[in-house]
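Line by line, the protein sequences are chains A, B, C and D. For the first sequence, position 280 (counting from the first letter as 1) is numbered 280 according to our numbering, and the numbering increases by one without interruption. If you count the second sequence from 1, you need to add 1000 to reach our numbering. If you count the third sequence from 1, you need to add 2000 to reach our numbering. If you count the fourth sequence from 1, you need to add 3000 to reach our numbering. Below is one structure, written out as structure tokens, with a few remarks after it.
Protein chains: 4
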Amino acid sequence: MELNKPIRPAKITRDMTVDQLVDSLSGCAFGAGRIYEAVDIYREMINDPDCTKFLGLAGAMVPAGMRHIVSDMIRDKEIDILVSTGANLVHDIIESMGLHHYKGTDAIDDIKLKQDAVNRIYDVFLPEHHFTDFEEKLQSIFKEIPEKLSITQLLSHIGARLDDDASILKSAYDMNVPVYCPAIQDSIIGLQAWLYKQTNQLNVDVFEDMRGLIDRCFDAKRAGVMIIGGGVPKNFILQSMLVTPRSFDYAIALTMDRPETGGLSGATLDEARSWGKIGEKARSVTVYSDATITLPIIVAAAKSGRIK
Amino acid sequence: MELNKPIRPAKITRDMTVDQLVDSLSGCAFGAGRIYEAVDIYREMINDPDCTKFLGLAGAMVPAGMRHIVSDMIRDKEIDILVSTGANLVHDIIESMGLHHYKGTDAIDDIKLKQDAVNRIYDVFLPEHHFTDFEEKLQSIFKEIPEKLSITQLLSHIGARLDDDASILKSAYDMNVPVYCPAIQDSIIGLQAWLYKQTNQLNVDVFEDMRGLIDRCFDAKRAGVMIIGGGVPKNFILQSMLVTPRSFDYAIALTMDRPETGGLSGATLDEARSWGKIGEKARSVTVYSDATITLPIIVAAAKSGRIK
Amino acid sequence: MELNKPIRPAKITRDMTVDQLVDSLSGCAFGAGRIYEAVDIYREMINDPDCTKFLGLAGAMVPAGMRHIVSDMIRDKEIDILVSTGANLVHDIIESMGLHHYKGTDAIDDIKLKQDAVNRIYDVFLPEHHFTDFEEKLQSIFKEIPEKLSITQLLSHIGARLDDDASILKSAYDMNVPVYCPAIQDSIIGLQAWLYKQTNQLNVDVFEDMRGLIDRCFDAKRAGVMIIGGGVPKNFILQSMLVTPRSFDYAIALTMDRPETGGLSGATLDEARSWGKIGEKARSVTVYSDATITLPIIVAAAKSGRIK
Amino acid sequence: MELNKPIRPAKITRDMTVDQLVDSLSGCAFGAGRIYEAVDIYREMINDPDCTKFLGLAGAMVPAGMRHIVSDMIRDKEIDILVSTGANLVHDIIESMGLHHYKGTDAIDDIKLKQDAVNRIYDVFLPEHHFTDFEEKLQSIFKEIPEKLSITQLLSHIGARLDDDASILKSAYDMNVPVYCPAIQDSIIGLQAWLYKQTNQLNVDVFEDMRGLIDRCFDAKRAGVMIIGGGVPKNFILQSMLVTPRSFDYAIALTMDRPETGGLSGATLDEARSWGKIGEKARSVTVYSDATITLPIIVAAAKSGRIK
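What follows is the structure in structure tokens.
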């Protein structure tokens, strides 16, 4: 066995840029080596004009403060197709209405919070009454949309009606990036739709969106994906490629989920190769670390190398 | 502070029953104490005639061999409402057709597997050609069903057409247990629907199911939930209670997901109290351990105490 | 690729024994398959008369209530050599003095606990004043022992002076099982030694124990190890085999630590094969699950198959 | 309940410094909020002239390429006292001899590696023959040192004999920073001592070092600790404070270990407050993320704010 890539220890300097820090980790191993690899793949992917770029967005990334990063990725054309959980979109809409999430703590009496009408998302607090404003907003939007449409179209209608350029849905609308949200009923948008349907007609077909997404997979010259967390977004992106003769050429996963329990969220990207979702020769890496730390690093470091 | 519950070390005896083992852990702490607590809550919940019982089923539990346990839980009336990922239902259908999953290994070259047309799910192998049979089955079922129906109705139609009493979908059909699968398009059932819709009419409304589920939440005298893994099933069950004046009285979560990354999958059950999804006085416990180990233990131990 | 071991779903029956439950998991995958494998290996190992059996004991297993299980393993000759953290031995001594740990909760104000003089170990509470009794006990023991001895000899002296057959140290003394504790100063035994040495002579050589342990490795016809948690016990056992021409023939690890961060605690048993610590043809398995759940299961199930 | 700290989403700019990135995360939650907090505490701690600064170093940080960062922290006076696992020191000595670790992969046949005489540490490869050179080096050093000494003194002798300013041990020697390694026999240094002692006298008392360390704890006006990983270094630092009337004023933990299994490695810093190891009013934060990613960020960001 030939050993020809010695570990080169990282070196920290005062006022170094994120790009320089990541470069300094290029000779390291474990997570340090993987974050370098992730930046390198991401840079290649966003600079590849023939690459259709997917983002899978799970976890409570918006409440954690990752909203501008994602909307900037959309506006900077680093995302062509977004697949999200419903929750991230709900919280995006809330913020776009000028309503805030608040820094809280996880070391708190949740029954006390309930009595104070404050909802907790780990160490983020959200006043319950925000959902009253949310209801008013959603119900007014539902009134303006066609009776029959797809999930993507519904989200596009919502995005068009938000007045905040930092919004993910608004940015996606502006940049013509389709937003897929397979489990939309599994969110407070869904609860609003349930409410609306008690007295109104609304028909959103669950399978309608698939054609558009799979067509994009068929048509892609090359394809790349960044997967934040697991869940539906991860699986939905990967399975859409499954039915095509193609496969992903670039794949980055940012997660803390582990493979050993066998769920798809923690499944390795190599496992996806056995299915043909990711290509034999694809570049891929999983960074096992909190995505609210690694996503900002990757986006910041890759920006420096971005070919304008 | 009064300290009045001394740790009583567990004691192992030859040929002890699962029930006796769990009893022996009743004075222990950490996971040992929690598995006892989970059994105790589960036993109370399934013996409570006024309790509506939910199961949230995420993770690849069917490929791992947990299928009979879940279908027996349904037939034994331990589940009134099932919320599942699409994947568990896909693999249930495959097994009900007499097709097998196989024991494999995670230490394998996935590109080799791809070339051999074997799909991997952690240490489970699945021949790719099973999906050809699956396609034939699903397409023939789609032809027989109404053009317009809900996800639950679609799954009920499938369940009715399976010839295997150990099947989850068949058992649910037989026992009149509704199966919710909010992200059904995020599964190979979804891919088959996409295929079918290329030449046929099929309209499955994404929000149609919510009324029935929420009505069950409204009507429940008491409510209990066992949550296996996280994902959509966990959130969908909890949010359905959110819009009612009620909340869950019993809650058990079996997961390896951790709270610190802030996602809903790893969120503590206490966090759910701040939202009012779980009640102030509810009994709840999370067992942080592989659910393919803890689910069999809990079901086995609780069976011994089951009031017939 | 030949696929010849179909997944056989587990089946739960009323009043089944732990042994029957584990047998029922023999055809399953993920953790369920691994716990069966662990029992199968453990059974072979304890029934192999030529096998020298090691136990690595890390984590707060004694405060959690696993003390009788370990002392019974010693008395049942399932352990020939014990390597432990200091903490487990400290808490064993405390319990052997008739002092208790108490069931508490991790959802508590730790500053309040401090003010109440209660120490917390996750969800276990320990009155601070127990350490006053502990001090008295240890100081009286130190006065009776030779000035110069090894760590193993020191622990043997302590074990001889405990009056509790359920004690790990007492059982080890009774059964002539050496107890290694490489990081003994990293425990409250160490703090007591520091106190004692302020006015007395005591010389415990840090390297003195190695010879005896390595000799046992050299002399073993076959060798097996059960590793609970990671840390020093895991590494110390494995490295002792490293300098011999031999390697472990059986290895079971019970842990929640993950490989991806690169530490030895989470390192796979396969990694240990690259070093020659575990043999090429050795049987090994890691069960990724809470050890306070999996240890009782394995010991209970294996007991049923024990050849007396 | 007053909610007055709205989440301020992070904003990424081209060529931003690490310091600016971390500042941009100051209004975020989850890991992003915690990494900002860690930098803020670390900056305060290293700029506090009355603070005695401890580093606990566990995990395979040296093989991963974190060696220069740690030795620079020592030379930049960010560490007054180092407590390490033996493994990190072994690999530091190897690198200081001009021998390399190599980038490898965790997806490899370990039996093949064994046959090629290559040892694996997750995705790092190490030629077995490096240990031959290591043996020669250590044996020659042992010959030059006193027969009777403490672990710290032994490590100081080794550091003095290394010819590499990037070495942790050499830097500690140069800067008069004591290095504690309670479990030194649990390392290849220990194996070399065992070998040496077969034909030579060497007496290293296991408890000898405690006095010096505890005296430093007693004498500290203020005390701060950064804990990388868990294990012996974490516990040894915290317990040394336990016997004093003082407690840590600053504490930062970088780990992936989780609290729920009850081990000390995953124990929260709040738990340490119940023991009085960390003070009631101390600033503390745990960042749950790969330390090979978070350590470089924290050191880089804090450097920018360093008062020279």
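All residues carry an ideal CB built from backbone N, CA and C; glycine is no exception. On a predicted model such as this, the values are computed, not experimentally measured, just so you know.
task = Reducing DSSP to helix, strand and coil, say where I1237(B) ends up.
result = Annotated three-state conformation of I1237(B) is helix, per DSSP.
task = Grab the span of the alpha helix (DSSP H) containing G1086(B) for me, first residue to last.
result = That run of the alpha helix (DSSP H) goes G1086 to S1096.
request  = Classify H1068(B) as buried or exposed, calling it buried when 16 or more other Cβ atoms lie within 10 Å of its own Cβ.
outcome  = The residue in question, H1068(B), is buried, as its Cβ has 16 or more Cβ neighbours within 10 Å.
ask   = What is the rounded straight-line gap between the Cα of A1183(B) and the Cα of L1238(B)?
value = Computed Cα separation, rounded: 16 Å.
ask   = Counting only beta-carbon atoms, is P2182(C) nearer than 8 Å to chain D?
value = Yes, its Cβ sits closer than 8 Å to a Cβ of chain D.
key: Own chain residues within Cβ distance below 7 Å of N203(A), not counting five before or after   = In chain order, E147 and K148 place their CB closer than 7 Å to the CB of N203(A), counting only its own chain and leaving out the 5 sequence neighbours on each side.
request  = Evaluate the contact criterion for the region 1054-1069 of chain B versus the region 257-266 of chain A: three or more CB pairs, one atom per stretch, below 8 Å.
outcome  = Taking a cut-off of 8 Å for Cβ pairs, the region 1054-1069 of chain B and the region 257-266 of chain A touch, as three or more such pairs fall below it.
request  = Can you give me the Cβ contacts of K1053(B) inside the same chain, cut-off strictly under 7 Å, excluding the 5 residues immediately before and after it?
outcome  = If we look at K1053(B) and ignore the five residues flanking it on each side, its Cβ neighbours are M1045, I1046, E1078, I1079, D1080 and G1224.
key: Buried/exposed call for M73(A), threshold 16 Cβ in 10 Å   = M73(A) should be labelled buried.
request  = Could you tell me which of A3301(D), D3110(D) and E3144(D) sits nearest to G2279(C), measuring between CA atoms?
outcome  = Among A3301(D), D3110(D) and E3144(D), the Cα nearest to that of G2279(C) is on D3110(D).
task = Please name the residues in the region 2023-2054 of chain C whose beta-carbon is closer than 8 Å to at least one beta-carbon of chain A, in chain order.
result = Shown in chain order are the members of the region 2023-2054 of chain C whose Cβ falls below 8 Å from a Cβ of chain A: A2029, F2030 and G2031.
inquiry  = Does the CB of E3260(D) have a neighbour CB from chain B at under 8 Å?
reply    = Answer yes: the Cβ-Cβ gap between E3260(D) and chain B drops below 8 Å somewhere.
Positions along the region 3101-3130 of chain D whose CB lies within less than 7 Å of some CB in chain B = Here the close residues number zero.
ask   = So, do the region 1017-1036 of chain B and the region 1293-1305 of chain B have three or more beta carbon pairs nearer to each other than 8 Å?
value = As far as the Cβ criterion goes, the region 1017-1036 of chain B touches the region 1293-1305 of chain B, which means the pair count is three or higher.
request  = Rounded to whole angstroms, what's the CA-CA distance from Y3196(D) to F3142(D)? Just pull it up for me.
outcome  = Rounded to the nearest angstrom, the gap between the Cα atoms of Y3196(D) and F3142(D) is 8 Å.
ask   = With 16 other CB atoms within 10 Å as the buried threshold, where does D1123(B) fall?
value = A buried status is given to D1123(B), since no fewer than 16 other beta-carbon atoms sit within 10 Å of its beta-carbon.
Closer than 9 Å at the beta carbon, the chain D residues around M97(A) = The contacting residues do not exist; M97(A) stays about 13 Å from chain D at best.
request  = Mind listing the chain B neighbours of Y3250(D)? Cutoff is C-beta to C-beta under 8 Å, in chain order.
outcome  = Residues of chain B whose Cβ lies closer than 8 Å to the Cβ of Y3250(D) do not exist, since the nearest Cβ in that chain is about 21 Å away.
task = Would you please verify whether the beta carbon of G1159(B) is less than 8 Å from any beta carbon of chain C?
result = At a cut-off of 8 Å between C-beta atoms, G1159(B) does not count as an interface residue with respect to chain C.
key: beta strand (DSSP E) segment containing L254(A), residue limits   = Where L254(A) is concerned, the enclosing beta strand (DSSP E) stretches over F248 to T255.
Sufficient close CB pairs (3 or more, under 8 Å) joining the region 1204-1216 of chain B to the region 1235-1255 of chain B = In short, these stretches touch, since the Cβ pair count reaches three.
Nearest to R222(A) (by Cα), restricted to the options V83(A), M97(A), C51(A) and R14(A) = For the residues V83(A), M97(A), C51(A) and R14(A), the minimum Cα distance to R222(A) belongs to C51(A).
request  = Grab me the residues of N1235(B)'s own chain with a C-beta within less than 6 Å of its C-beta, minus the 5 sequence neighbours each way, in chain order.
outcome  = Same-chain partners within the cutoff: L1264.
key: Separation of S284(A) from H91(A), as counted between CA atoms   = Each residue's alpha carbon lies about 30 Å from the other.
request  = On a CA-only basis, which of V3018(D), R3034(D), N3176(D) and E3002(D) is nearest T13(A)? Give me that one, please.
outcome  = T13(A) has its Cα closest to that of V3018(D), out of V3018(D), R3034(D), N3176(D) and E3002(D).
ask   = How would you list, in chain order, the residues of chain A whose beta-carbon sits under 7 Å from the beta-carbon of V3299(D)?
value = Listed along chain A are I12, each with a C-beta nearer than 7 Å to that of V3299(D).
key: Expected contact under 8 Å - CB spacing of A1010(B) and G2065(C) to nearest Å   = With 8 Å as the limit, A1010(B) and G2065(C) qualify as a contact, their Cβ atoms being about 6 Å apart.
Neighbourhood of S3071(D) by C-beta distance below 7 Å, restricted to the same chain and skipping five residues each side = Excluding residues within five positions, the ones whose Cβ falls inside 7 Å are A3166, S3167, I3168 and S3171.
request  = With a threshold of 16 other CB atoms inside 10 Å of the CB of T1286(B), please say whether the residue is buried or exposed.
outcome  = Buried, since its Cβ has 16 or more Cβ neighbours within 10 Å.
key: Identity of the residue in I2293(C), P2245(C) and K2277(C) nearest L1254(B) by Cα   = Measuring from the Cα of L1254(B), the nearest candidate turns out to be I2293(C).
task = Just tell me which of N2200(C), L2099(C) and G2086(C) has its CA closest to the CA of S2140(C).
result = The shortest Cα separation from S2140(C) among N2200(C), L2099(C) and G2086(C) belongs to N2200(C).
Under 8 Å by beta carbon: chain A residues contacting E1280(B) = What E1280(B) touches in chain A: I111 and K114.
query = Quick one, are the C-beta atoms of L3126(D) and Q3192(D) less than 8 Å apart?
reply = Cβ distance not < 8 Å, so L3126(D) and Q3192(D) don't count as in contact.
inquiry  = What would DSSP say about P3049(D), mapped onto helix, strand or coil?
reply    = The answer is coil: DSSP assigns P3049(D) none of H, G, I, E or B.
ask   = Does any residue of chain D bring its CB to less than 8 Å from the CB of Y1173(B)?
value = At a cut-off of 8 Å between beta-carbon atoms, Y1173(B) makes no contact with chain D.
ask   = Measuring CB to CB, does Y250(A) end up less than 8 Å from I41(A)?
value = Using a Cβ distance threshold of 8 Å, Y250(A) and I41(A) count as a contacting pair.
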